[in-house]
Amino acid sequence: MFIGHYAPAFLGKRIAKTVPLWVLFAAVQLVDIAWGVFIATGIEHVRIIEGFTASNSLDLYDMPWTHSLVMALVWSLGAGWLWSLVARREKTLGGLIVGAAVFSHWLTDLIVHVPDLLLYPGSDIKFGFGLWNNFPVAMGLELALFLGAMAVYLTGTRAKGMAGRIWPLVATALMLGLFYLGMTTPPPEDLTLAGSSAVVMYLLICAIAAGFDLTRAAK
Numbered sequence: 003m004f005i006g007h008y009a010p011a012f013l014g015k016r017i018a019k020t021v022p023l024w025v026l027f028a029a030v031q032l033v034d035i036a037w038g039v040f041i042a043t044g045i046e047h048v049r050i051i052e053g054f055t056a057s058n059s060l061d062l063y064d065m066p067w068t069h070s071l072v073m074a075l076v077w078s079l080g081a082g083w084l085w086s087l088v089a090r091r092e093k094t095l096g097g098l099i100v101g102a103a104v105f106s107h108w109l110t111d112l113i114v115h116v117p118d119l120l121l122y123p124g125s126d127i128k129f130g131f132g133l134w135n136n137f138p139v140a141m142g143l144e145l146a147l148f149l150g151a152m153a154v155y156l157t158g159t160r161a162k163g164m165a166g167r168i169w170p171l172v173a174t175a176l177m178l179g180l181f182y183l184g185m186t187t188p189p190p191e192d193l194t195l196a197g198s199s200a201v202v203m204y205l206l207i208c209a210i211a212a213g214f215d216l217t218r219a220a221k
């Protein structure tokens, strides 16, 4: 899942209004940011198998430290605790929302991944409902989650002038463009580079979220 991961960030912003949207965008992709670093450094591994699923060719056979259930909980608790320390307002609520945003990544991955999500590092128990094997439904779900959650966010915010009215359209076009490229561009042969590129892309998407923070305010 890609843009569907950002749905909980939009929804979380409606609840914890003082948490910047870019922080929530980083939170929902925190384990994938870590995954990109771990792939680039050889801590975790991925391989390309043509037609592995109907949606992509990535065999995510080794990612215990980022995508196992137990480690997802560890990442979530750590991120929520850290935000509660640095936040100036809504410390408890903000920490809970940031932690929930991090864990939402595992829950949404559970829907689309084939069984490659371990219970804990070294476990033989794996989870995954495999929706990636139904390309139209998987893509439709992603779009519905992303657009629906953005609509909820927009109804709870107001534009700070013309920029605030234009930016949602620009951001939607950028995100859908990245989504399309991700679905149509073949994976790079250098998977180490793929990990680094993924990190850069996720950070750029945080910049898109920062555009919402700059141009819109909570009602």
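Residues are numbered in our numbering as their position in the sequence shown, beginning at 1, plus a constant of 2.
For every residue, glycine included, the Cβ atom is placed at its ideal position computed from N, Cα and C.
Q: My understanding is that Thr157 touches Glu92, with C-beta atoms under 8 Å, so please give their C-beta distance in whole angstroms.
A: In the sequence shown, residue 157 corresponds to position 155, counting from 1. In the sequence shown, residue 92 corresponds to position 90, counting from 1. Rounded, the Cβ-Cβ distance is 20 Å, inconsistent with contact.
Q. Among Gln31, Asp126, His47, which one has its Cα closest to the Cα of Leu195?
A. To locate residue 195, count along the sequence shown from 1; it is residue 193. Of the candidates Gln31, Asp126, His47, the one whose C-alpha sits nearest the C-alpha of Leu195 is His47.
Q) Lys221 by DSSP, collapsed to three states: which one? A) Counted from its first residue, the sequence shown places residue 221 at position 219. In this structure, Lys221 counts as coil in the three-state DSSP scheme.
Q | Beta-carbon proximity check, Val30 vs Ala140, cutoff 9 Å | A | Along the sequence shown, read from residue 1 onward, the residue named residue 30 stands at position 28. Along the sequence shown, read from residue 1 onward, the residue named residue 140 stands at position 138. Going by C-beta atoms, Val30 is not nearer than 9 Å to Ala140.
Q) Which full runs of the beta strand (DSSP E) of 3+ residues lie inside the region 130 to 216, going along the chain? A) Along the region 130 to 216, the beta strand (DSSP E) occurs as fully enclosed runs of 3 or more residues at 159 to 161, listed in sequence order.
Q. According to DSSP, is Lys128 helix, strand or coil?
A. Counting from one through the sequence shown, the residue named residue 128 turns up at place 126. Strand, per DSSP.
Q: Spell out whether any CB of chain B is found under 9 Å from the CB atom of Pro170.
A: Although the question refers to chain B, the structure presented lacks it and comprises just one protein chain.
**Q.** Whole-number beta carbon distance between Gly96 and Ser86, since they are thought to touch under 8 Å
**A.** Here residue 86 corresponds to residue number 84 of the sequence shown, with the count starting at 1. Here residue 96 corresponds to residue number 94 of the sequence shown, with the count starting at 1. About 7 Å; that satisfies the 8 Å criterion.
Q) Mind pulling the beta strand (DSSP E) runs of 3 or more residues that sit fully within the region 28 to 107? A) 47 to 50, 60 to 64
(Q) Bridge partners for Ile119 per DSSP, in chain order? (A) In the sequence shown, the residue the question calls residue 119 occupies position 117. The residue asked about is misnamed: residue 119 is Leu in this sequence, not Ile. DSSP, once it has assigned bridges, lists Phe129 as partnering Leu119.
Q) Assuming Leu112 and Phe129 make a contact with CB atoms under 8 Å, what is their CB distance in whole Å? A) In the sequence shown, residue 112 corresponds to position 110, counting from 1. In the sequence shown, residue 129 corresponds to position 127, counting from 1. At roughly 6 Å, the Cβ-Cβ gap stays under 8 Å, so Leu112 and Phe129 are in contact.
Q: Measure the beta-carbon distance from Met152 to Leu180 and round it to whole angstroms, keeping in mind my assumption that it falls under 8 Å.
A: Within the sequence shown, the letter at position 150 stands for residue 152. Within the sequence shown, the letter at position 178 stands for residue 180. Distance from Met152 to Leu180 at the Cβ level is roughly 15 Å; contact not present, criterion being Cβ atoms closer than 8 Å.
Q. In this structure, does DSSP put Ala18 in helix, strand or coil?
A. Against the sequence shown, residue 18 aligns to sequence position 16. Reduced to three states, the DSSP call for Ala18 is coil.
Q: Could you tell me the distance, in whole angstroms, from the CA atom of Phe40 to the CA atom of Pro123?
A: What you label residue 40 is simply residue 38 of the sequence shown in a count that begins at 1. What you label residue 123 is simply residue 121 of the sequence shown in a count that begins at 1. Straight-line Cα distance between these residues: approximately 14 Å.
Q. Helix, strand or coil: which one does DSSP assign to Phe4?
A. Here residue 4 refers to the residue found at position 2 when the sequence shown is read from its first residue. Coil.
Q) Any idea if Lys162 is buried or exposed, counting beta-carbon neighbours within 10 angstroms, 16 or more meaning buried? A) Within the sequence shown, residue 162 is the residue found at index 160, counting from 1. When all chains shown are included, Lys162 counts as exposed.
Q | Option in Pro190, Leu98, Ala89, Cys208 with minimal Cα separation from Ile50 | A | Taking the sequence shown and counting its residues from 1, one reaches residue 50 at position 48. It is Pro190 whose Cα lies nearest to the Cα of Ile50.
Q) For Ser57, which option in Thr43, Leu149, Val114 has the closest C-alpha, if you only look at C-alpha atoms? A) Within the sequence shown, numbered from 1, the residue matching residue 57 stands at position 55. Closest option to Ser57, Cα to Cα, is Val114.
Q. To the nearest angstrom, how far is it from the Cα of Trp169 to the Cα of Asp126?
A. Walking along the sequence shown from the start, residue 169 turns up at place 167. Walking along the sequence shown from the start, residue 126 turns up at place 124. Those two C-alpha atoms are separated by around 46 Å.
Q. Can you name, in chain order, every residue of its own chain whose Cβ lies under 8 Å from the Cβ of Ile17, other than the five neighbours on each side?
A. Within the sequence shown, residue 17 is the residue found at index 15, counting from 1. Closer than 8 Å at Cβ, skipping near neighbours: Leu95, Ile99.
Q) Can you list, in chain order, the residues of its chain whose CB lies under 8 Å from that of Trp37, leaving out five sequence neighbours each side? A) Here the question's residue 37 lines up with position 35 in the sequence shown. For Trp37, where only same-chain residues beyond five positions count, the Cβ hits under 8 Å are Glu46, Met65, Thr68, His69, Gly197, Ala200.
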